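In this note's numbering, the protein residues as written are 7 to 467.
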């Protein structure tokens, strides 16, 4: 059997992981990765500050999910893994920092008494009545997470706990997120018969798995990106934008625009690994995929921006690992991470490292600000928290357009229908990334490896 020609559209973690997995399963394959930007890695980007590397995209991965942990091990990067210290985060609400309430799960309380710092007495009284109201739940249902929490506990719990907790991951309000999609453990507890949300949360906040929850890499995510690219053995084409994909009698033909003009490479197998707004037109151009393209285009996406700062050590930062911002708080940023405090291996730098995040779904005005304006918003926001303006040694702004998909109710069913149509009409073409199995590095890795395995099996059959 001839060696397959593989085209991967998108050089982020999903595309690189798919290329790597295909190399493992189809060693003789000719693999080309087409990346529209000037660099591979997608949302995994490490910037060079004078004091050393700083991640300006995704910051960490969950170690209690196996996908990222296993990939790191396969690539021989175990020695680079680092874990955060023991500091907890705070909530910015009412102009003050409040410790993150104990006994919560994704911002949902197991004991309303722990919320006294973030709720008024009237709001706490309303939330406490949740346990007295039977919850009508249909096993297997999926509903708006924020809608259900607001109806059961009151909107203040959404604004000051649930939305801040989920906003950094999804950049979308919880009203648009599916409970079963985003918090599957909570849905499972309700399916098992938990009579209230409080009772369901209590099932999830018991004794947890010992050990750290998150991990990062010494040297930043660049270490993972470089190792993936090398292990994949693919030909990398930066500044190479795929504008269309067409079926041919022998496979697929891509139209690619690059620095040297336009080309039409062919492939037997194709992986589409770009955000939903860019993937939908590509599927639309492939004969017979209009329904899948329309379904994909209905997934809303949010953009975001990150300001990374290094500050003179003369300033004292709060004792927490970072700050989540209540959505009813009148500040432009949504979260702040005291990176040096959170990650002990980074606390040897000359200055304090801080990351400030901006951007929620529909937050166009803030994201339209120029880079220097975003830096000023970040510095002013920090000054408002610590009581003095810090001296900035270095700064970097990174924007992420349409990077985060809104995982709404029924998202998995929608993706299942899209995949079924692809399998029927375009064998040899797979869709992966944050708009499929969910956002986050482990989810993207899992999606990409599963899709690559399906493609390899189809070719070998």
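Where is the CB? At the ideal position from N, CA and C, for every residue including glycine. These numbers come from a predicted model, not from an experiment.
A straight-line Cα-Cα distance of about 52 Å links residue 319 and residue 146.
A distance below 9 Å separates the beta carbons of residue 177 and residue 309.
Annotation for residue 357: 57, 316, 317, 318, 319, 399 place their beta carbon closer than 7 Å to its own, counting only its chain and skipping 5 residues before and after. If you ignore the 5 residues before and after residue 162, its C-beta comes within less than 6 Å of the C-beta of 125, 129, all in its own chain and listed in chain order.
Rounded to whole angstroms, the separation of the alpha carbons of residue 13 and residue 33 is 15 Å. Between residue 98 and residue 335, the C-beta gap is smaller than 9 Å, which places the two residues in contact.
Counting C-beta pairs closer than 8 Å gives three or more between the stretch 280–290 and the stretch 298–314, which meets the contact rule.
Contact between residue 230 and residue 83 is confirmed by a C-beta separation of about 7 Å, below the 8 Å threshold. Beta-carbon to beta-carbon, residue 118 and residue 133 are separated by about 5 Å, close enough to satisfy the 8 Å threshold. Boundaries of the alpha helix (DSSP H) around residue 381: 377–392. For residue 97, the three-state secondary structure derived from DSSP is strand.
Bridge partners of residue 292 according to DSSP: none are assigned. With contact defined as three or more Cβ pairs closer than 8 Å, the stretch 194–204 and the stretch 427–434 are not in contact. Fewer than three Cβ pairs drawn from the stretch 268–279 and the stretch 398–417 lie within less than 8 Å of each other, which leaves the two stretches out of contact. Assignment of residue 417 by DSSP, reduced to helix, strand and coil, places it in the helix class. Ranked by Cα distance from residue 246, the first of 8, 15, 11 is 15.
For residue 104, DSSP records a beta bridge to 97.
DSSP places residue 29 outside any beta strand (DSSP E); the residue lies instead in the alpha helix (DSSP H), whose first and last residues are 19–31. Straight across, the Cα-Cα distance linking residue 49 with residue 18 is about 7 Å.
By the Cβ rule, the stretch 62–75 counts as touching the stretch 401–413, because three or more pairs are nearer than 8 Å. Each residue's CA atom was taken as its position, placing residue 226 and residue 79 some 16 Å apart. Within the same chain, 330, 340, 341, 363 come within 8 Å of residue 174 by CB-CB distance, once the 5 residues on both sides are set aside.
Contact between the stretch 273–285 and the stretch 386–395 is absent: fewer than 3 CB-CB pairs across the two stretches fall below 8 Å. With respect to residue 137, residue 205 sits close: the two C-beta atoms are nearer than 9 Å. The closest CA to that of residue 139, considering only 160, 123, 465, 127, is found on 160.
One thing to note: residue 451 has its Cβ no nearer than 9 Å to the Cβ of residue 240. Here DSSP, grouped into helix, strand and coil, assigns residue 209 to helix. Counting only runs of at least 4 residues, the stretch 130–204 fully encloses the following alpha helix (DSSP H) elements, listed from N- to C-terminal order: 151–159, 169–176, 185–188, 190–197. Counting the other CB atoms within 10 Å of its CB gives residue 219 a total below 16, which places it among the exposed residues.
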